[in-house]
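Participant: Input: one structure, supplied below.
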Amino acid sequence: MQGETVALFSQMKVNFTEGLDHFRQTIFAAQTALHAPPDEILFNNLSALAQDFDIARSNGIFDPLPEEAPRESHDASRTRTIRSRLACLGYLRLDSRLPIIDPLLIHAIKKFQHDAGLTEDGWVGRQTWQALQELVGFESPLHINRWFAGNFPNSALQRAIALRLHVLGLTDTPAFDDPDKLDAGLHRLQAVTAFLHLSAQDIKPEICPATIALLFDQDLLVQGLAAELSPLPEDGDHPLFSFAASLAKVELWLAGYDVAPDGYQGKEFFKRTPIRRRGRQRMPLGQQPLLLSDDAKLFTALTTYWQDHGKEGESPGLAQRFAGEFPLFFRMIDAALRARNSLPESEKSAMIYHVVAKQPEQLEAIWQTALSLDDQIWDGMGRVFGWLHNLTRRPDGKEIVIGRNISRLVYHQAMTGYDIARQALQAFPAQLDNIFQRELQGSDPHHIMMCHDRDLDFKVFINGRGDQEKINQFIDQVTLTSRSFAATCRIIGVFVSTLSLFISQGRTGWAGLILTLLQLSDRISSLGRQLPAVPNFPTTPGANVLPRT
Numbered sequence: 066m067q068g069e070t071v072a073l074f075s076q077m078k079v080n081f082t083e084g085l086d087h088f089r090q091t092i093f094a095a096q097t098a099l100h101a102p103p104d105e106i107l108f109n110n111l112s113a114l115a116q117d118f119d120i121a122r123s124n125g126i127f128d129p130l131p132e133e134a135p136r137e138s139h140d141a142s143r144t145r146t147i148r149s150r151l152a153c154l155g156y157l158r159l160d161s162r163l164p165i166i167d168p169l170l171i172h173a174i175k176k177f178q179h180d181a182g183l184t185e186d187g188w189v190g191r192q193t194w195q196a197l198q199e200l201v202g203f204e205s206p207l208h209i210n211r212w213f214a215g216n217f218p219n220s221a222l223q224r225a226i227a228l229r230l231h232v233l234g235l236t237d238t239p240a241f242d243d244p245d246k247l248d249a250g251l252h253r254l255q256a257v258t259a260f261l262h263l264s265a266q267d268i269k270p271e272i273c274p275a276t277i278a279l280l281f282d283q284d285l286l287v288q289g290l291a292a293e294l295s296p297l298p299e300d301g302d303h304p305l306f307s308f309a310a311s312l313a314k315v316e317l318w319l320a321g322y323d324v325a326p327d328g329y330q331g332k333e334f335f336k337r338t339p340i341r342r343r344g345r346q347r348m349p350l351g352q353q354p355l356l357l358s359d360d361a362k363l364f365t366a367l368t369t370y371w372q373d374h375g376k377e378g379e380s381p382g383l384a385q386r387f388a389g390e391f392p393l394f395f396r397m398i399d400a401a402l403r404a405r406n407s408l409p410e411s412e413k414s415a416m417i418y419h420v421v422a423k424q425p426e427q428l429e430a431i432w433q434t435a436l437s438l439d440d441q442i443w444d445g446m447g448r449v450f451g452w453l454h455n456l457t458r459r460p461d462g463k464e465i466v467i468g469r470n471i472s473r474l475v476y477h478q479a480m481t482g483y484d485i486a487r488q489a490l491q492a493f494p495a496q497l498d499n500i501f502q503r504e505l506q507g508s509d510p511h512h513i514m515m516c517h518d519r520d521l522d523f524k525v526f527i528n529g530r531g532d533q534e535k536i537n538q539f540i541d542q543v544t545l546t547s548r549s550f551a552a553t554c555r556i557i558g559v560f561v562s563t564l565s566l567f568i569s570q571g572r573t574g575w576a577g578l579i580l581t582l583l584q585l586s587d588r589i590s591s592l593g594r595q596l597p598a599v600p601n602f603p604t605t606p607g608a609n610v611l612p613r614t
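The numbering of the sequence shown is this note's numbering, which starts it at 66 and goes up by one.
Spelled out as structure tokens, the structure:
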């Protein structure tokens, strides 16, 4: 399927030096039209940019989550990720990996939405996607109160609990309908967390908010395994070892290594058969150290990980001795997490921008790689930022090679920026129309009114006999609307000016758009949280024009 994704992308024949034709033409036209009114120039620029955003989407360069039911999906990566996650939760019997929306997938989406307390419409928008991120992803925080009614979890969370216990090596099945195995997994979780001192009080081996919040706190689990643990349990069957191996799989997968987060298979570890040596007493089998089998996927991924971190000669031994030395591995992961948490958003954007700006000719390869990774695009970005931060500070000064992880970061960061800029372009016409109304929406002469004259001098009239609660609600709404409009204007302003600058410097086409998104991603991401929810772009490019006011 990965090959099919790359093939589909190649068939599009996207040339990243081309594109943005409408916006580029309006920029050059504005330079020659010296006496054109500023509002006309703005109108032309934004209308052209909206058309180019549509073309970028139809060409498959960007494919954000829909705001309304899609007739078909062009986002093979996200569709396969949705299908995979629903299969993991048991809503699909098998994961066909097909990048299409078919009746089976629609039925599974509706069942998940029902269990998750969402609108049962059969398509994945922002709310359904976020729910899947929380329940199946590893970096999205679980908003525990949203999934519990008192001490009772909803059905979607119950499935996710069974899946998480399995992925972390605490059960041998992700099945959610086996109460005995679920209970056994929760008792193993209690044993592990007690050994690691992850909670001030021992957690209860039951499905309650405190226990489940800890189960889904990936960063906290890493911190626990990174602590000094001496001595380790003598019993090789202690759940700590299967838990550590399974958590290592998760972390390596999040970091881009070729290993699946599929729990503990029961064959990863072994003990050497004791051999009597002349003059030495044979060590009993029970005291032999646990070793990681060299034919396990985890062994290969760990070996590569240690090689990437400067331990070339030691890497096979470090991988094989994982059971006895896993705190060293998790201390490396924890250090990357701390590096991520200390990074300001501006530095994250700068790191990615500078890597790509030096090698813009790599953009096509970056997109091909990213679109072949499926669910690895949508999880683990925080860890990859920590990895890149540490990589840029290596003393050897080697040039960073653009591979899987850089491709993930570039695509994810650019996609996020595109989605926010697109929302701002969508919101602007309606917001502008609202501002130019003689009376602001919600004005009521019985309580409070806000209006303006032709010069946009706003006046507020408060009825002394009005309902104070309704007056306060109106004030809050006007404040929220004003902040949202200000955020929209700032996003559009900085985006248009930066993109225009890139074009004037010769960085045109889709490459110029992507570089603009990467450079501005931190600034527009913070503003994007203030944008309103708006309808989707019109489906026909010709409809994407802004109304003249």
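C-beta atoms are modelled at their ideal positions from N, C-alpha and C, and glycine is treated no differently.
Do the region 413-428 and the region 290-307 meet, that is, are 3 or more Cβ pairs less than 8 Å apart?
Facilitator: Segments in contact, no.
Participant: For K246, is the classification buried or exposed, using 16 other Cβ atoms within 10 angstroms of its Cβ as the cut-off for buried?
Facilitator: Its Cβ being crowded by 16 or more others within 10 Å, K246 is buried.
Participant: Any idea which residues DSSP pairs D509 with across the strands?
Facilitator: Paired residue(s): I513.
Participant: Using the three-state DSSP reduction, which class does P47 fall into: helix, strand or coil?
Facilitator: Since the first residue of the chain shown is 66 and the last is 614, residue 47 is not available in this structure.
Participant: With distances taken from CA atoms, which of H303, L163, P274 is nearest S142?
Facilitator: Residue L163 is the option with its Cα nearest to S142.
Participant: In its own chain, which residues sit with a C-beta less than 8 Å from the C-beta of C358, not counting the 5 before and 5 after it?
Facilitator: Reading off the sequence, residue 358 comes out as Ser, not Cys. Excluding positions up to five away in sequence, the list reads K332, E333, F334, F335, F364.
Participant: Count the other CB atoms, across all protein chains shown, that sit within 10 Å of the CB of F74; report buried if there are 16 or more and exposed otherwise.
Facilitator: The predicted model places F74 with a pLDDT of 44, which falls under 50 and marks its position as unreliable, so this point remains unresolved.
Participant: Taking Cβ positions, are I417 and L583 nearer each other than 7 Å?
Facilitator: Yes. Within cutoff.
Participant: Alpha carbon to alpha carbon, how far is Q288 from D399? Give it in angstroms, no decimals.
Facilitator: Spanning the two alpha carbons is a distance of roughly 6 Å.
Participant: Should D180 be labelled buried (16 or more other beta-carbon atoms within 10 Å of its own) or exposed?
Facilitator: It is buried - the Cβ of D180 has at least 16 other Cβ atoms within 10 Å.
Participant: For I540, which of helix, strand or coil comes out of DSSP?
Facilitator: Residue state, collapsed to three classes: helix.
Participant: CB-CB under 8 Å to L474, same chain, minus the five flanking residues each way: which ones, in chain order?
Facilitator: Correct list, in chain order: I417, M446, V449, F450, L453.
Participant: For the beta strand (DSSP E) that contains F523, what are its first and last residues?
Facilitator: 523-527 is the span of the beta strand (DSSP E), which, as asked, contains F523.
Participant: Under 6 Å Cβ to Cβ from E504, same chain only, skipping five residues before and after it: list those, please.
Facilitator: Result list for E504: C516, in chain order.
Participant: Considering only the beta carbon of each residue, do F213 and R224 sit closer than 7 Å?
Facilitator: Not in contact: F213 and R224 (Cβ atoms no closer than 7 Å).
Participant: Looking at C-beta atoms only, is the number of pairs between the region 360-378 and the region 272-286 that lie closer than 8 Å three or more?
Facilitator: The region 360-378 is not in contact with the region 272-286.
Participant: By alpha-carbon positions, which one of L207, A384, E293, Q496 ends up nearest to R396?
Facilitator: Ranking L207, A384, E293, Q496 by Cα distance to R396 puts E293 first.
Participant: Looking only at its own chain, which residues have a Cβ that is under 6 Å from the Cβ of D587, when we skip the five neighbours before and after it?
Facilitator: Same-chain partners within the cutoff: E410, S411, S414.
Participant: How is M348 classed by DSSP in three states: helix, strand or coil?
Facilitator: Unreliable placement is indicated for M348, whose pLDDT of 49 sits below 50; no coordinate value is reported for it.
Participant: For N210, count the other beta carbons within 10 Å of its own beta carbon; 16 or more makes it buried, fewer makes it exposed. Which is it?
Facilitator: Under this definition N210 is an exposed residue.
Participant: Where Q502 and A435 are concerned, what is the direct C-alpha to C-alpha distance, given to the nearest angstrom?
Facilitator: Cα to Cα, the separation comes out at about 45 Å.
Participant: Excluding five sequence neighbours on each side, which residues of the same chain lie with their C-beta closer than 7 Å to the C-beta of R34?
Facilitator: Given a span of 66 to 614 for the chain in the structure shown, any question on residue 34 remains unanswerable.
Participant: Return the CA-CA distance between P244 and K176, expressed in angstroms with no decimal places.
Facilitator: Taking the straight line joining both Cα atoms gives about 21 Å.
Participant: Please go through the region 229-289 and give each complete alpha helix (DSSP H) segment of 4 or more residues, from N-terminal end onward.
Facilitator: Taking only runs of at least 4 residues, the alpha helix (DSSP H) segments lying wholly in the region 229-289 are 244-261, 274-280.
Participant: Quick one: grab the DSSP three-state call for L456.
Facilitator: It is helical.
Participant: Exposed or buried, S307, counting other C-beta atoms within 10 Å across all chains shown (16 or more means buried)?
Facilitator: Classification for S307: buried.
Participant: So what's L356 in DSSP terms, helix, strand or just coil?
Facilitator: Here L356 sits in strand by DSSP.
Participant: Please state if the CB of D117 and the CB of L85 are separated by a distance shorter than 7 Å.
Facilitator: Contact: yes.
Participant: Name, in chain order, the residues that DSSP records as bridge partners for E504.
Facilitator: E504 is bridged to C516.
Participant: Near P354, what residues of its chain come up, given a Cβ to Cβ distance below 6 Å and the 5 sequence neighbours on each side ignored?
Facilitator: These residues qualify, in order along the chain: G389.
Participant: Can you list, in chain order, the residues of its chain whose CB lies under 7 Å from that of A219, leaving out five sequence neighbours each side?
Facilitator: As written in the sequence, residue 219 is Asn, which differs from the Ala given in the question. Contacts found: D180, A181, G182, W212.
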